[in-house]
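Since the structure comes first, as structure tokens, the remarks are kept for the end.
Numbering (our numbering), first residue to last: 75 to 455.
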């Protein structure tokens, strides 16, 4: 015969419940403590990483940033703040459409230098670009595309490439940055020869004084980008090992390479901006909405001429929209003005996920109403 188990008394039940509650509270406290330690560790890691990168930057020439923006917004304000927080550039040159908008941009940071787009490149205005698209390619220059007229979309690419001509005082290495991208953490842009493992890229020996610049991966692929580059250079466009493109919304420029690239695009023409019209002439009309990429073209050209000068990111470190367009559009409901503006919690979560930067392309989300008449001068400010 097996002994009968002792029945639990009311006192036993009460004691068991008490033990469970105490254990539950202890578990919650332990979980909270572990989370707090992880958070503090992450903050200390980021802080030390920032200090290391900033000390590295002090050893070299300062970095400048060039950006083009249709108008000041809550997104561009956050983008500028993030650049100053993590990159600490000497100057952020912003090219926009009016002096009134320049006045607003200049309030965002002391190192903002603003320029007017139609006075930036000699002989190149948005109207002339639009006229070329309409007369030579039979395209509607006022077709809306990604928050701009089609002519404006091409113009902003020419302004970025032409910055090396219009701003001769730029740092030898500088960053072209889309102002709907927000930097989330420090990032190393340049590696000098003493920092390269084994003195250069794997399987290659770097020349004396070799320097590499970061190249991001993970961009979208468009047939128009490939067609125009082939027509301009007689070579195919380059892609990352995973098949993605280099259209990643910012890039590091080395001035001598960009000047050489523009000279080649000019095809030995006499005018300093002949490359603008040659690029437009190479656009395939049926792919005109995405007919040329300044990012894919410059990076591909450098890869084909100076391959040891680039260091590809090992993985994609960015997203175009934090947790999707739907999330961005829904969060606008928390604001009285119903504008799609950067949300601190979303940015924090993206940092925890290890992303380096994120897009906030509100011009691509119809619910954000970026093009509405009441937002003609600014958005979400």
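Each residue gets a CB set at the ideal place from its N, CA and C atoms; glycine is no exception.
TODO: Helix, strand or coil for residue 137, going by three-state DSSP, please let me know.
DONE: Residue 137 sits at position 63 when you count from the first residue of the chain shown. Reduced to three states, the DSSP call for residue 137 is coil.
Open item on the list: Helix, strand or coil for residue 249? Go by DSSP, reduced to three states.
Closed with: Here residue 249 refers to the residue found at position 175 of the chain shown. In the structure shown, residue 249 sits in a strand (DSSP, three-state: E or B).
TODO: Could you tell me if residue 111 is buried or exposed, where buried requires 16 or more neighbouring beta carbons within 10 angstroms of its beta carbon?
DONE: Within the chain shown, numbered from 1, the residue matching residue 111 stands at position 37. Annotation note: pLDDT 49 at residue 111 (below 50); position unreliable, coordinate value reported separately. Exposed, since its Cβ has fewer than 16 Cβ neighbours within 10 Å.
Task: DSSP three-state assignment for residue 365, whether helix, strand or coil - done: Numbered from its first residue, the chain shown carries residue 365 at position 291. Here residue 365 sits in coil by DSSP.
Open item on the list: Three Cβ pairs or more, each shorter than 8 angstroms: is that satisfied between the segment 222–242 and the segment 389–405?
Closed with: no
Open item on the list: Please give the ranges of any alpha helix (DSSP H) in the segment 324–361, keeping only runs that are unbroken, at least 4 residues long and fully inside the region.
Closed with: 329–340 and 348–355
Open item on the list: To the nearest angstrom, how far is the alpha carbon of residue 334 from that of residue 327?
Closed with: Walking along the chain shown from the start, residue 334 turns up at place 260. Walking along the chain shown from the start, residue 327 turns up at place 253. So the alpha carbons of these two residues sit roughly 12 angstroms apart.
Task: Neighbour-count burial assignment, residue 278, 16 or more Cβ in a 10 Å radius - done: Looking up residue 278 in the chain shown gives position 204. Here residue 278 scores only 37 on pLDDT, less than 50, and its place in the model should not be relied on; the value that follows carries that caveat. The residue is exposed, with fewer than 16 neighbouring Cβ atoms inside 10 Å.
TODO: Would you grab the beta carbon distance between residue 253 and residue 150 for me? Rounded to a whole angstrom, and I think it's under 8 angstroms.
DONE: Reading the chain shown from its first residue, position 179 is the one you call residue 253. Reading the chain shown from its first residue, position 76 is the one you call residue 150. About 4 angstroms; that satisfies the 8 angstroms criterion.
Open item on the list: Can you tell me whether residue 368 is buried or exposed? The criterion is at least 16 other CB atoms within 10 Å of its CB, across all chains shown.
Closed with: Locating residue 368 in the chain shown gives position 294, counting from the first residue. With 16 or more Cβ atoms within 10 Å of its Cβ, residue 368 is classed as buried.
- [ ] Assign residue 379 to one of two classes, buried (16 or more other C-beta atoms within 10 Å of its C-beta) or exposed (fewer than that).
- [x] Here residue 379 refers to the residue found at position 305 when the chain shown is read from its first residue. Looking at its Cβ environment, which holds fewer than 16 other Cβ atoms inside 10 Å, residue 379 is exposed.
TODO: Compare the Cα-Cα distances from residue 413 to each of 392, 442 and 426 and report the closest residue.
DONE: Walking along the chain shown from the start, residue 413 turns up at place 339. The shortest C-alpha separation from residue 413 is found at 442.
TODO: Could you name the residues of the same chain whose beta carbon sits closer than 8 angstroms to that of residue 257, not counting the 5 residues immediately before and after it, in chain order?
DONE: Counting from 1 along the chain shown, the entry for residue 257 is found at position 183. Here the set comprises 153, 156, 157, 159, 160, 161, 430 and 431.
- [ ] Report the residue ranges of all alpha helix (DSSP H) runs contained in full by the segment 185–232; include only those spanning at least 4 residues, in chain order.
- [x] 200–211
TODO: Tell whether a beta-carbon distance below 8 angstroms holds between residue 249 and residue 139.
DONE: Taking the chain shown and counting its residues from 1, one reaches residue 249 at position 175. Taking the chain shown and counting its residues from 1, one reaches residue 139 at position 65. In contact: residue 249 and residue 139 (Cβ atoms closer than 8 angstroms).
- [ ] Count the other CB atoms, across all protein chains shown, that sit within 10 Å of the CB of residue 105; report buried if there are 16 or more and exposed otherwise.
- [x] Along the chain shown, read from residue 1 onward, the residue named residue 105 stands at position 31. Here residue 105 scores only 48 on pLDDT, less than 50, and its place in the model should not be relied on; the value that follows carries that caveat. It is exposed - the Cβ of residue 105 has fewer than 16 other Cβ atoms within 10 Å.
Open item on the list: Whole angstroms are fine: how far does the CA of residue 190 sit from the CA of residue 348?
Closed with: Sequence index remark: in the chain shown, residue 348 carries index 274 (1-based). Sequence index remark: in the chain shown, residue 190 carries index 116 (1-based). Computed Cα separation, rounded: 20 angstroms.
TODO: Please name the residue, chosen from 384, 144, 390 and 408, that lies closest to residue 231 on a Cα-to-Cα basis.
DONE: The count along the chain shown starts at 1 and reaches residue 231 at position 157. Looking at the Cα atoms, 144 is the closest of the given residues.
TODO: Taking all protein chains shown into account, decide if residue 359 is buried (16 or more other Cβ within 10 angstroms of its Cβ) or exposed.
DONE: If you number the chain shown from 1, residue 359 lands on position 285. Its Cβ having fewer than 16 others within 10 Å, residue 359 is exposed.
Open item on the list: Three Cβ pairs or more, each shorter than 8 angstroms: is that satisfied between the segment 293–306 and the segment 351–366?
Closed with: yes
- [ ] Compare the beta carbon distance of residue 456 and residue 320 with 8 angstroms and say whether it is the shorter of the two.
- [x] A question about residue 456 goes unanswered here, because the residues of the chain that appear run from 75 up to 455.
Task: Residue burial classification, residue 406 (beta-carbon count within 10 angstroms, cutoff 16) - done: Position 332 of the chain shown, counting from 1, holds the residue named residue 406. Buried, because 16 or more other Cβ atoms sit within 10 Å of the Cβ of residue 406.
TODO: Over the uninterrupted alpha helix (DSSP H) stretch that includes residue 154, give me the two end residues.
DONE: Translated into the one-based positions of the chain shown, residue 154 becomes position 80. Unbroken alpha helix (DSSP H) run through residue 154: 148–160.
Open item on the list: I'd like to know whether the C-beta atoms of residue 186 and residue 168 end up nearer to each other than 8 angstroms.
Closed with: Taking the first residue of the chain shown as 1, we reach residue 186 at position 112. Taking the first residue of the chain shown as 1, we reach residue 168 at position 94. The answer is yes: Cβ separation under 8 angstroms.
TODO: Pick helix, strand or coil for residue 170, following the three-state DSSP scheme.
DONE: Translated into the one-based positions of the chain shown, residue 170 becomes position 96. The answer is strand: DSSP assigns residue 170 an E or B state.
TODO: Kindly list the residues whose CB is nearer than 7 angstroms to the CB of residue 444, restricted to its own chain and excluding five residues on each side of it in sequence; keep chain order.
DONE: One-based indexing of the chain shown puts residue 444 at position 370. Here the set comprises 221, 436, 437 and 453.
Open item on the list: I'd like to confirm the pairing. Which residues does DSSP put opposite residue 382 in its beta bridges?
Closed with: The residue you call residue 382 lines up with position 308 of the chain shown. None; residue 382 has no bridge partner.
TODO: Could you please give the first and the last residue of the uninterrupted alpha helix (DSSP H) stretch that includes residue 402?
DONE: Along the chain shown, read from residue 1 onward, the residue named residue 402 stands at position 328. First-last of the alpha helix (DSSP H) with residue 402: 399–405.
Task: For residue 255 and residue 392, the rounded distance between their alpha carbons - done: What you label residue 392 is simply residue 318 of the chain shown in a count that begins at 1. What you label residue 255 is simply residue 181 of the chain shown in a count that begins at 1. C-alpha separation (whole angstroms): 9 angstroms.
TODO: Specify, as a first and last residue, the run of the beta strand (DSSP E) that residue 243 falls within.
DONE: Looking up residue 243 in the chain shown gives position 169. Looking at the DSSP string, residue 243 is not in any beta strand (DSSP E), and its letter there is neither H nor E.
Task: Under 8 angstroms between C-beta atoms of residue 306 and residue 373 - done: Within the chain shown, numbered from 1, the residue matching residue 306 stands at position 232. Within the chain shown, numbered from 1, the residue matching residue 373 stands at position 299. It is not a contact, given that the beta carbons lie outside the stated cut-off.
Task: Sequence-distant residues of the same chain with beta carbon closer than 6 angstroms to residue 293, five excluded per side - done: To locate residue 293, count along the chain shown from 1; it is residue 219. The answer, listed in chain order, is 318, 319, 320, 321 and 322.
Open item on the list: Measuring straight from C-alpha to C-alpha, what distance separates residue 282 and residue 198?
Closed with: Here residue 282 is taken as the residue at index 208 of the chain shown, counted from 1. Here residue 198 is taken as the residue at index 124 of the chain shown, counted from 1. Reliability fails at residue 282, whose pLDDT of 42 lies under 50, so the model's placement of it is uncertain and the value that follows must be treated cautiously. Those two C-alpha atoms are separated by around 39 angstroms.
TODO: To the nearest angstrom, report how far apart residue 181 and residue 148 are at their CA atoms.
DONE: Counting from one through the chain shown, the residue named residue 181 turns up at place 107. Counting from one through the chain shown, the residue named residue 148 turns up at place 74. Roughly 12 angstroms separates the two Cα atoms.
- [ ] Just mark residue 315 as buried or exposed, buried being the case when its beta carbon has 16 or more other beta carbons within 10 Å.
- [x] Your numbering for residue 315 matches position 241 in the chain shown. It is exposed - the Cβ of residue 315 has fewer than 16 other Cβ atoms within 10 Å.
Open item on the list: In whole angstroms, give me the CA-to-CA distance for residue 440 and residue 447.
Closed with: Your numbering for residue 440 matches position 366 in the chain shown. Your numbering for residue 447 matches position 373 in the chain shown. Roughly 14 angstroms separates the two Cα atoms.
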